[in-house]
Amino acid sequence: MAAEERKKEEKGRFIAERRYVDDQRIVEPEKLEAGGVDMSGRWGTLVLPRTIEEFDHSLFEGVKRLPRGGKVGKCWQCGNCTAVCPVAHANPMFNPRYLIHIVRMGYQAEIEKVKDYVYLCSGCGLCSAACPKDVDPQGVMIALSIAFKSGRAKGGR
Amino acid sequence: MTGTVLVVGGGPAGLRAAVDLADFGARVLLVEKRDQLGGAPVRWKYRSLAPDFTPTEEVMGPLIGFCESSPMVEVHKGSVVEGCEGSVGDFTVKVRNEADGTTTEHRVSSVIVATGFEHFDASVDPRYAYGRAPNVIGINELEAMLKEGRVVGHDGRPPKRVAFIFCVGSRDRSTNPWCCTVCCGVSIKQAIEMKQTLGDVQVYMIYMDIRTVGLWEKLYWDSMEKYGINYIRGRVGEVYYTGEKLLVKGEDTLVRGPFEVLFDMVVLAVGIEPGPGTKQAAGVLGLKLNEYGFIAPRQPNVHVDSGRDGIFLAGTCIAPMSIEETLSEGSAAAMQAAKVLKKTVAV
Amino acid sequence: MGPSEAVPLIIDRNAIVGHAAVVDLMAVLLPLSFVLLYLRVRGWDVPFTPFGIFASLFAKEGKPGFAARSRALLSATAQDILFLKRAGGRCEEPLHTWGRGLVMWGALGSVAATLLAALTDPAAVPMALTDPVRLLGDLSQAALASGAAILILRRLSNGARRRATDIHTWSLQCLLLYVGLSGVAVDALSQGGSFLAMEAMYISQLASISALLLYAPFSELAFLVWKGSLLVQKSLLDEAGPPG
Amino acid sequence: MVGASKKVARMLQRLNPDGWHYGGLPGLQWEAENAREGDRALMGRIVDELREDVRFEEFYHACINCGNCTSMCPPFRLVDFEPRIVVQKVMHAKDEPELLYQMMDQYIWACFQCYSCWEVCPAHNNPGGLVAMLKEIAVRHGLQSARKTLEPYSKILYKVMTTGTQITPDMHTSMALFKDWGPHKAELSKNIRTERAAVPVETMAGVMDKSWRVDDSTMKELMEIEEEAGVLDAVGGSLKDVADMVREAAKEME
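And the structure:
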């Protein structure tokens, strides 16, 4: 465990703004040889771009069909839900507005990053009361957590 | 003393003013630079008008029909006002016909300036590849396509994925620093029409702010809730033609993610800017232009008052506005001209 | 599964609904409720159902062994359910936490009291008012009713919240309220009411419990049970769960 | 300062434990701690210095959060760095100096001053320029972060200090005139690919020379400015060899 973590920390340690690069996007070959010269170490380090190249709405369409997820299409990203959410206040990795948006646009990498936090929703319903567009974010969180696990909607396993 | 009013510009504001004055009993001299009445909605073949998808003909048709047939309205198409002397109640204006070069002189009681606007020329801003890459069109061109009921790319195939880029030539110090106020609503209206026309098209609105003022907000809500149009908050830095599709580069500011996505068609929500006609008319009539090139009213909150007695303003030559506002401004200016008439010739 | 077995503690031998009939009814309804829950969760097309948690106890993958997993299961149950770490921990208002807590504790207390009563006196003859088991039952029913009342009033008190609440939430909370209230009423009637009134109340409580059992798999409760057990499973298998 | 208002305290709390800011977008915990442990007086001074700088008026107007700068930003493709956030934090610097300070740890060092953002900004802000100013301030105050981040860059820093930016004209794709290049852009970029191909890769020295022909007098002036502005002294503490290299180079030219 400890060795694994150390390895993770050492990955890309030459990058000045290392903390702003996602772990999974740093590629560092164990051994790199070019023209008979050993070039392992920083020369082989590669940072994969984080550019979004495709919008994919299949997961979003799946969410719409799940119980209580039907109204998610109304969301206009005002952020009222996140503003009142006591969970988001304590742990900002849980952000209803953000979750809805990344699912809508199908940003796979982002979904992978935060999908386990969706279960933090306490179901207090403050967001649904605050939502100006009647999206029922509390219900959408239910639908999202099912969707992330469901085989029916792409994106969850 | 004369009972005639000169209306410069045959667009919505000018036509409305002419119709109202003729109804009031005044004679109207309507001078239009182009060979066709109706202004921008007719010239660019607008399919329908926001927010209720009213067909353009329904709004413009009666106005044009009235002006062309009424004995009270003397229409000079293809003409411009070249000179204006005198004062309120008795101006002498020269109207030159551009086609045959003949100039006629008229005496008028007052002048209504309604010279309208031009769509921003997106080729000025290189980042949108307008004019260089195919399938990059302005909302004005899309309107004509929608009117034909045939939205296709340069290869004749309907697009599967379309991006609308908002605020092109608006809210930018390099081009025009003002907000054109209507192109959000118009773009959304077109996106909905596109969905209705094409069916299986994915539409993405790349916006900075959605400014669907007042009752136009319904368009915004419906587009999302009924038509499933996607909104991405951000601004596009570059449109690049790959030889097949258009690569649009931008940032989704809601997730802080860079995107580079291929589109079949890019629609630029080109803004409103004052046209050469406005500048020319202002020069001839001795009106002041503001820092943006629109005609500056005496007091910014009172649009009709040009600052010169007997000359009144209406429509988008003062500031960007929607067609409903333009029409009411036409009526408002007609009222001012009527007041002058009442004082001088007692109609 | 809520306060399902909250059978009142006074069951006379001459009662219209006999003890055996109640046991039979529950023996049918409880498994049916579980089956419905299973089917509902399966209907979402997710691989994990709440019953998978028992399989996880014996699963081969993951680090800790069976004993450690059992301990983890117990502690997660205690933390999340008894002490409301998840369900109540992130409520904005203390009142809301209390509402949830009372419902949770009341339901558990009712079940415990019923089981105890059944164990100590299978014939279920009337017990003295001071009987600890009976006291537990009464208090639990009252807690359940007041908890449900808090939840309902909380939703009613705010216009926006009222509008945002869907019919399933209302139905579930009203059912919980009625189960608790009728339980208390049965006991009160047994002390001083007419026999018929008590029996009628008792039958209505049985009906409400049955309705709750049949309806729970289709209410939000199914989701809560699913989500809760999923999180517990995650901690059992020592997967990196989200930091609470 | 003790009071530092409940709002600030609450905000710092928000940064903890996950270090989020700006509407819950992911920020960074270690920097939040950096800001909390930082000297509040210093944070205020940094903001004042930034605002009093003569370039500030030109580089900063107001940010409308459109994201145009970011859409053209090369580091943004790889790193979670956004010129938009830089300008936002500069905009709010007076009220929230700790956020600006926090950013000076690793964040701003992702920028390499290509000024693409400057060209596209509809409000004519210059995020790259603001980052440059912030970097200077970090160096001037000898912030730990600046030392740590700059250490591996001694040689490059030397290059920047003596000859300016590292961007070559052909690396710039936009049609618009790149303000920093002056009228010689076209001439410089005409043969640069061929010239570069001829340069042996191992040396890299030739490449650098080709990037921007800086006049000897300009270079001398640049160094004098560095010296006069006290930048060399500030760097001297942590990057002594760089400062020495600059001084030597200046002497050689005399």
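Residue numbers (our numbering), protein chains in the order written: chain A, 7 to 163; chain B, 118 to 464; chain C, 5 to 248; chain D, 369 to 622. Note that the Cβ used here is the ideal one computed from N, Cα and C, for glycine as well.
Determine, for Pro51(C), whether the minimum Cβ-Cβ distance to residues of chain A falls below 8 Å.
It does: the Cβ of Pro51(C) has a partner Cβ on chain A nearer than 8 Å.
Residue ranges of each alpha helix (DSSP H) run of no fewer than 4 residues wholly in the region 110-137 of chain A, ordered along the chain?
Counting only runs of 4 or more, we get 114-120 and 132-136.
Determine the direct distance from the alpha carbon of Val183(C) to that of Tyr206(C), and round the result to whole angstroms.
10 Å
Closer than 8 Å, CB to CB, is Gly374(B) near chain A or not?
yes
Is the CB of Asn494(D) under 8 Å away from at least one CB in chain B?
no
Are the CB atoms of Val69(A) and Leu5(A) within a distance shorter than 8 Å?
Because chain A is modelled from 7 through 163, residue 5(A) falls outside the range shown and cannot be assessed.
Could you name the residues of the same chain whose beta carbon sits closer than 7 Å to that of Glu224(C), not counting the 5 residues immediately before and after it, in chain order?
Only His172, Thr173 and Leu176 meet the Cβ criterion.
With 9 Å as the C-beta to C-beta threshold (strictly closer), list the residues of the region 316-338 of chain B near chain A in chain order.
Those would be Gln319, Tyr321, Ile327, Tyr337 and Trp338, in chain order.
Starting from Ile108(A), find everything on chain B with Cβ-Cβ shorter than 7 Å and list it in chain order.
Result: Val372.
If the cut-off is 8 Å on Cβ atoms, which residues from the region 352-365 of chain B count as contacting chain A, listed in chain order?
none
Pairing CB atoms from the region 309-317 of chain B with CB atoms from the region 340-359 of chain B, are three or more of them under 8 Å?
yes
Please report the distance separating the alpha-carbon of Glu334(B) from that of Cys431(D).
25 Å
The beta strand (DSSP E) with Arg474(B) in it runs from where to where?
Since the displayed chain B opens at 118 and closes at 464, residue 474(B) lies outside it and no answer follows.
What residues in its chain sit with their C-beta under 8 Å from that of Met572(D), if we drop five residues either side in the sequence?
With a pLDDT of 44 at Met572(D), under the threshold of 50, the modelled position of this residue cannot be trusted; read the value that follows with caution. Here the set comprises nothing.
Against chain A, with Cβ distances strictly below 8 Å, would Val378(B) count as a contact?
yes
Look up Tyr358(B) in the DSSP assignment and say whether it is helix, strand or coil.
strand
Using DSSP with H/G/I as helix, E/B as strand and the rest coil, what is Gly142(B)?
Note: Gly142(B) maps to coil in three-state DSSP.
Which residues of chain C have a Cβ atom closer than 8 Å to the Cβ of Ala115(A), listed in chain order?
Simply none; closest approach about 17 Å.
State the Cα-Cα distance for the pair Leu210(C) and Tyr26(A), rounded to the nearest angstrom.
Using only the alpha carbons, I get a separation of about 60 Å.
Please name the residue, chosen from Thr221(B), Glu199(B), Cys284(B) and Met452(B), that lies closest to Gly351(B) on a Cα-to-Cα basis.
Cys284(B)
Spatial neighbours of Cys81(A) within its chain, please: C-beta separation below 6 Å, excluding the five flanking residues on both sides.
These residues qualify, in order along the chain: Ile106 and Val141.
For Tyr324(B), is the classification buried or exposed, using 16 other Cβ atoms within 10 angstroms of its Cβ as the cut-off for buried?
Per the 10 Å Cβ criterion, buried.
Compare the Cα-Cα distances from Arg158(C) to each of Phe199(C), Ala204(C), Trp102(C) and Val27(C) and report the closest residue.
When only C-alpha atoms are compared, the closest one is Trp102(C).
Can you list, in chain order, the residues of its chain whose CB lies under 7 Å from that of Ser233(C), leaving out five sequence neighbours each side?
Pro54 and Ile57
In the region 120-135 of chain A, which residues sit with their C-beta less than 8 Å from some C-beta in chain C, listed in chain order?
If the cut-off is 8 Å between Cβ atoms, the region 120-135 of chain A has Asp122, Tyr123, Tyr125, Leu126, Ser128, Gly129, Cys130, Gly131, Leu132, Ser134 and Ala135 near chain C.
Give a yes or no on whether the C-beta atoms belonging to Leu498(D) and Val455(D) are separated by under 8 Å.
yes
Rounding to the nearest angstrom, what Cα-Cα distance links Gly388(B) and Cys296(B) in this structure?
If you draw a straight line from the Cα of Gly388(B) to the Cα of Cys296(B), it comes to about 8 Å.
Who are the near neighbours of Ala398(B) in its chain, counting only those whose CB is closer than 7 Å to its CB and skipping five residues on each side?
Val125, Val198, Val230 and Thr232
With a threshold of 16 other CB atoms inside 10 Å of the CB of Arg288(B), please say whether the residue is buried or exposed.
buried
Taking DSSP as the reference, what is the three-state secondary structure of Ser204(B)?
Note: Ser204(B) maps to strand in three-state DSSP.
In whole angstroms, what is the alpha-carbon distance linking Val279(B) and Val320(B)?
5 Å
To which residues of the same chain is Arg425(B) closer than 8 Å at the C-beta, ignoring the five residues directly before and after it?
Leu402, Gly403 and Leu404
Which of the three DSSP states, helix, strand or coil, is assigned to Leu511(D)?
coil
When you compare only the Cα positions, how much space is there between Met189(B) and Gly400(B)?
Taking the straight line from one Cα to the other gives about 28 Å.
Determine which residues share a DSSP beta bridge with Phe429(B) and list them.
Ile229(B) and Asp422(B)
Could you tell me the boundaries of the alpha helix (DSSP H) in which Arg290(B) lies?
From DSSP, Arg290(B) is part of no alpha helix (DSSP H); its letter is neither H nor E.
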